[in-house]
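Each remark here refers to the structure printed beneath this line.
2 protein chains.
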Amino acid sequence: MKMITGGVCAAKGFRANGIHCGIRRNHSKKDLALILSDVPATAAAVYTTNLVKGAPLTVTKENIANGIAQAVICNSGNANTCNANGIQIAQDMCALVEKHTGISAGDVVVASTGVIGQPLCIDPIAQGMDALVEGLSYEGSENAAQGIMTTDTTKKEVAVEFTLGGKTCRMGGIAKGSGMIHPNMATMLVFITTDASISREMLQKALSSDITATFNMLSIDGDTSTNDMVTVLANGMAGNETITAEGEDFNTFMQALNSITVALCRMIAGDGEGATKLLECIATGADTLEAAKTAAKSVICSSLLKAAMFGADANWGRVLCAIGYSGADVDVNKVGVSFRSNAGTVEVCKDGAGVPFSEEEAKKVLLEKEIEILISLGDGPFGAKAWGCDLTYDYVKINGDYRT
Amino acid sequence: MKMITGGVCAAKGFRANGIHCGIRRNHSKKDLALILSDVPATAAAVYTTNLVKGAPLTVTKENIANGIAQAVICNSGNANTCNANGIQIAQDMCALVEKHTGISAGDVVVASTGVIGQPLCIDPIAQGMDALVEGLSYEGSENAAQGIMTTDTTKKEVAVEFTLGGKTCRMGGIAKGSGMIHPNMATMLVFITTDASISREMLQKALSSDITATFNMLSIDGDTSTNDMVTVLANGMAGNETITAEGEDFNTFMQALNSITVALCRMIAGDGEGATKLLECIATGADTLEAAKTAAKSVICSSLLKAAMFGADANWGRVLCAIGYSGADVDVNKVGVSFRSNAGTVEVCKDGAGVPFSEEEAKKVLLEKEIEILISLGDGPFGAKAWGCDLTYDYVKINGDYRT
Chain A
1 MKMITGGVCA
11 AKGFRANGIH
21 CGIRRNHSKK
31 DLALILSDVP
41 ATAAAVYTTN
51 LVKGAPLTVT
61 KENIANGIAQ
71 AVICNSGNAN
81 TCNANGIQIA
91 QDMCALVEKH
101 TGISAGDVVV
111 ASTGVIGQPL
121 CIDPIAQGMD
131 ALVEGLSYEG
141 SENAAQGIMT
151 TDTTKKEVAV
161 EFTLGGKTCR
171 MGGIAKGSGM
181 IHPNMATMLV
191 FITTDASISR
201 EMLQKALSSD
211 ITATFNMLSI
221 DGDTSTNDMV
231 TVLANGMAGN
241 ETITAEGEDF
251 NTFMQALNSI
261 TVALCRMIAG
271 DGEGATKLLE
281 CIATGADTLE
291 AAKTAAKSVI
301 CSSLLKAAMF
311 GADANWGRVL
321 CAIGYSGADV
331 DVNKVGVSFR
341 SNAGTVEVCK
351 DGAGVPFSEE
361 EAKKVLLEKE
371 IEILISLGDG
381 PFGAKAWGCD
391 LTYDYVKING
401 DYRT
Chain B
1001 MKMITGGVCA
1011 AKGFRANGIH
1021 CGIRRNHSKK
1031 DLALILSDVP
1041 ATAAAVYTTN
1051 LVKGAPLTVT
1061 KENIANGIAQ
1071 AVICNSGNAN
1081 TCNANGIQIA
1091 QDMCALVEKH
1101 TGISAGDVVV
1111 ASTGVIGQPL
1121 CIDPIAQGMD
1131 ALVEGLSYEG
1141 SENAAQGIMT
1151 TDTTKKEVAV
1161 EFTLGGKTCR
1171 MGGIAKGSGM
1181 IHPNMATMLV
1191 FITTDASISR
1201 EMLQKALSSD
1211 ITATFNMLSI
1221 DGDTSTNDMV
1231 TVLANGMAGN
1241 ETITAEGEDF
1251 NTFMQALNSI
1261 TVALCRMIAG
1271 DGEGATKLLE
1281 CIATGADTLE
1291 AAKTAAKSVI
1301 CSSLLKAAMF
1311 GADANWGRVL
1321 CAIGYSGADV
1331 DVNKVGVSFR
1341 SNAGTVEVCK
1351 DGAGVPFSEE
1361 EAKKVLLEKE
1371 IEILISLGDG
1381 PFGAKAWGCD
1391 LTYDYVKING
1401 DYRT
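Now the structure itself:
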């Protein structure tokens, strides 16, 4: 497994582009992205569990019901959700892809992200299609990654190279997500491409399994979006023997997928709205996987702890508090807490009670950009990781007046 | 039912006081409170569901296992939680009450609030007892209310007068709570007194029932504290016939209790850490009580909506989003949303989709200090209320560096 560049265009046969078509007022911000596979690809997806679902999700679900997709179109600046004509607009977006590329509208994954409840006009998209398709390129991942950003401050792109049965395969992904991030089944817009060959069933199995330990363990603000979606397109152009069952090849594929999804989770968490720090909570010693996950995610979600991390304050009582109300079945008298970063490790709590530590040293550890919160829950064999960010003035600023 | 003054001293036979004894560094902040009944009182309590529990809760639970209490002692500035000698310190506090007042240590409710995981020294409390007891007064509720404050900016006191079988009864309460507020079974330190006579069983029944629609519907930051506790002391000095069963008197008592608890909920929400606005979400039309409560509480807890309310931004998509991920069984296509305040009412969403509204008018409504978020969930008969506050820069500031 080797990290490489190229994002969603790292895998063979994928072109991408992103442009400003006019949905967003700021002309320097791209707002429309397209990803195309040269050949039809096996497709899998997971969607938000929010009862309020963006119209594009409904259309995408229908389109990939047959397990095949060849293109992804996505706009930012408007979520196309809670609009009376949302389904029609999402279908129109697919029809535009067919008209301009020849790929059947039924093979298009469509997505939207931005404000909820404001009608989305098809005109700027229709007018932008020529430029969008003309600019498609095998090096266009970065443009596409920019086209799906909303309050994101950095583009989120990653790719890996791996080998299946002697064949070099590649997989890459782009993501957007900065606020309204507390995925449950999927997260806000992640598009992954691979040239590995894999059956539809095994692709969905890989994705559905992976997200339980990755995107479902990510939270920026506890708000599960209406438009969350993760899709994987596998076009088979690497020429490996198609993966159709569990085994060594499937394991390798899962590892590749996991390295993509974990990297994207960390990018999303680190670029949380207003965030100055990436937080990673690493739970160990739990009696069950569920307890490890529940405790780790509760810590990452605590507003009080998030604010303390912003202030580089080793207020470990808030870690204990968050474990205690999480619902995880743990013996609080066995809980230990340490903070770790590039500046070192400081143990602050053992067996449920405080241990003496240097406030100065703790401050140094917590002033770093990436903080690990290590929680040991006992002597059990299970562990889990969760990702989040600090709570800052800028989160309030960004969300105090997002629409206007 | 008549609102009156006097707080926990409104009911006959209750004295109270609060002083600065030295637990908090700031000499102008009181940090120790005492409430005494002239006669033994029937006692009921509910406690936090956090697995990490403050030591005082364990001691209180033991002390009122027999349904009797006569005094409440409470310090602020230190939660006496996650400390190796916490139980001993809490017992010592009760013993000090016995030594200085003659009331048996076993009849004392003890509570602590403040930082978790820092040893609490008994010395300042022991040294303050003389002044605390000397200053006890039938007009001392305000001092006690101040003595239990931490990051609270206003004292929280309320009282009512009502009649049971021709006898005038009174009930009053004080509360503290500003951060780490997301009660489940009880909230951060509420002490209620009444001179009504009621059996132990009916008092606990009244309290346990009431909090499901009051304190359990309150959230400031989603963090369920380790030290939450609500206690009621009923000393019977009003001379009414003891309430021992359901009926008209019990209903009147429940109404009195509810008017106290709702008033305190609103005070706590309005004084949430950093809050500039009190938010009240009023759900109607649900098919089940559970759906109404779940939806209302989810709206109140959404960080995104809370930030939008801070910015007076009528971003109703976030209300829909929060209802959608709440887990409540609702038909999102029937959901309506309006914002209401002293400046008027503005409807923003009907049948799950936006309706045209004046942004200017909405701004005017949302610039008020108390905002009602009205959510209609369909044609069902159930409703619920939940209370919270906006998310502001000051919440981050207060919690970014609380300990130092």
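Note that the protein sequences, when read in sequence, are chains A and B. Straight run, no breaks: the first sequence in the working numbering ends on number 404. Straight run, no breaks: the second sequence in the working numbering ends on number 1404. We put the CB at the ideal spot given by N, CA and C, even for glycine.
Hey, would you say residue i sits closer than 8 Å to residue j, going by beta carbons?
| i | j | result |
| --- | --- | --- |
| G274/A | T392/A | yes |
| M229/A | T42/A | no |
| S225/A | G7/A | no |
| K1176/B | T1193/B | no |
| A1238/B | A1010/B | no |
| L279/A | W387/A | yes |
| I148/A | T101/A | no |
| G1378/B | V1330/B | yes |
| I1268/B | C1281/B | no |
| A1044/B | V1232/B | yes |
| C1021/B | L1036/B | no |
| L283/A | I371/A | It is worth fixing the name first, because residue 283/A is Ala in this sequence and not Leu. For A283/A and I371/A, no; Cβs fall outside 8 Å. |
| I1019/B | L1132/B | yes |
| I400/A | G1311/B | The sequence given here has Gly at residue 400/A, not Ile. Going by C-beta atoms, G400/A is nearer than 8 Å to G1311/B. |
What residues from chain A crowd round residue i, counting only those whose CB sits closer than 7 Å?
| i | result |
| --- | --- |
| K1310/B | Checking the sequence, you will find Phe at residue 1310/B rather than Lys. Going along chain A in sequence order, the residues near F1310/B (Cβ under 7 Å) are V396, G400. |
| Y1393/B | Y393, V396 |
For chain A, find out if any of its Cβ atoms is closer than 8 Å to the Cβ of residue i; answer yes or no.
| i | result |
| --- | --- |
| S1104/B | no |
| N1078/B | no |
| N1083/B | yes |
| T1187/B | Since pLDDT at T1187/B reaches only 44, below the 50 mark, its modelled position is unreliable, and the value read off the structure follows with that caveat. T1187/B does not count as touching chain A. |
| V1332/B | yes |
| G1007/B | no |
| T1288/B | no |
| G1324/B | yes |
| G1378/B | no |
Which bits of chain B does residue i rub up against, with CB to CB less than 7 Å?
| i | result |
| --- | --- |
| W387/A | Correct list: empty, because the minimum Cβ distance to chain B is about 17 Å. |
| C448/A | The shown model of chain A, from 1 to 404, leaves out residue 448/A, and the question about it has no answer. |
Spell out whether any CB of chain B is found under 8 Å from the CB atom of residue i.
| i | result |
| --- | --- |
| I268/A | no |
| T226/A | yes |
| V59/A | no |
| V365/A | no |
| T404/A | Reliability fails at T404/A, whose pLDDT of 48 lies under 50, so the model's placement of it is uncertain and the value that follows must be treated cautiously. Yes - at least one Cβ of chain B is within 8 Å of the one on T404/A. |
| A307/A | yes |
If the cut is a Cβ gap below 8 Å, which residues of chain A does residue i touch?
| i | result |
| --- | --- |
| A1353/B | C82, N83, A84, G117 |
| C1321/B | N50, V52, I116, M180, D223, T224, S225, T226 |
| G1336/B | Near G1336/B there are no residues of chain A at all, since even the closest Cβ is about 12 Å away, more than 8 Å. |
At a CB-CB cut-off below 9 Å, which residues of chain A make contact with residue i?
| i | result |
| --- | --- |
| C1121/B | Residues of chain A passing the Cβ test: none, with the nearest at roughly 14 Å. |
Which residues in chain B have a C-beta closer than 8 Å to the C-beta of residue i? List them in chain order.
| i | result |
| --- | --- |
| C349/A | C1082, G1117 |
| Y47/A | The contacting residues do not exist; Y47/A stays about 12 Å from chain B at best. |
Along chain B, which residues have their Cβ under 9 Å away from the Cβ of residue i?
| i | result |
| --- | --- |
| G317/A | V1052, A1079, T1081, C1082, V1115, I1116, G1117, Q1118, T1226, R1403 |
task: Can you check the stretch 1117 to 1161 of chain B for any alpha helix (DSSP H) of at least 4 residues that lies completely inside it and give the ranges in chain order?
output: DSSP assignment within the stretch 1117 to 1161 of chain B yields the following whole alpha helix (DSSP H) runs of 4 residues or more, N-terminal first: 1123 to 1134, 1141 to 1147.
message: Please give the ranges of any beta strand (DSSP E) in the stretch 1060 to 1121 of chain B, keeping only runs that are unbroken, at least 3 residues long and fully inside the region.
response: 1068 to 1078, 1108 to 1115
- prompt: Can you find at least 3 beta carbon pairs, one from the stretch 286 to 300 of chain A and one from the stretch 198 to 209 of chain A, that sit closer than 8 Å?
  reply: Short answer: they don't touch.
field: 3-residue-minimum beta strand (DSSP E) runs that sit fully inside the stretch 31 to 55 of chain A, ordered along the chain
entry: The stretch 31 to 55 of chain A contains, as complete beta strand (DSSP E) runs of 3+ residues, the segments 32 to 47 (chain order).
task: Spell out a yes or no on whether the stretch 1045 to 1056 of chain B and the stretch 317 to 331 of chain A are touching, meaning 3 or more CB-CB pairs, one atom from each, closer than 8 Å.
output: Result yes; three or more Cβ-Cβ pairs closer than 8 Å.
message: Is it the case that the stretch 1084 to 1096 of chain B contacts the stretch 1114 to 1128 of chain B, given that we only count it when at least three CB pairs across the two stretches are under 8 Å?
response: yes
message: Runs of 3 residues minimum, wholly inside the stretch 1329 to 1374 of chain B: which ones carry the beta strand (DSSP E) assignment?
response: The beta strand (DSSP E) runs of length 3 or more contained entirely in the stretch 1329 to 1374 of chain B are, from start to end of the chain, 1336 to 1341, 1344 to 1350.
query: Does the stretch 1252 to 1265 of chain B touch the stretch 1353 to 1362 of chain B, meaning 3 or more C-beta pairs lie closer than 8 Å?
result: no
message: Does the structure place the stretch 8 to 27 of chain A close enough to the stretch 66 to 78 of chain A that three or more beta carbon pairs sit under 8 Å?
response: yes
- prompt: If we count Cβ pairs, one from each stretch, closer than 8 Å, do we get three or more for the stretch 1339 to 1349 of chain B versus the stretch 1362 to 1370 of chain B?
  reply: With the cut-off at 8 Å, the stretch 1339 to 1349 of chain B and the stretch 1362 to 1370 of chain B touch.
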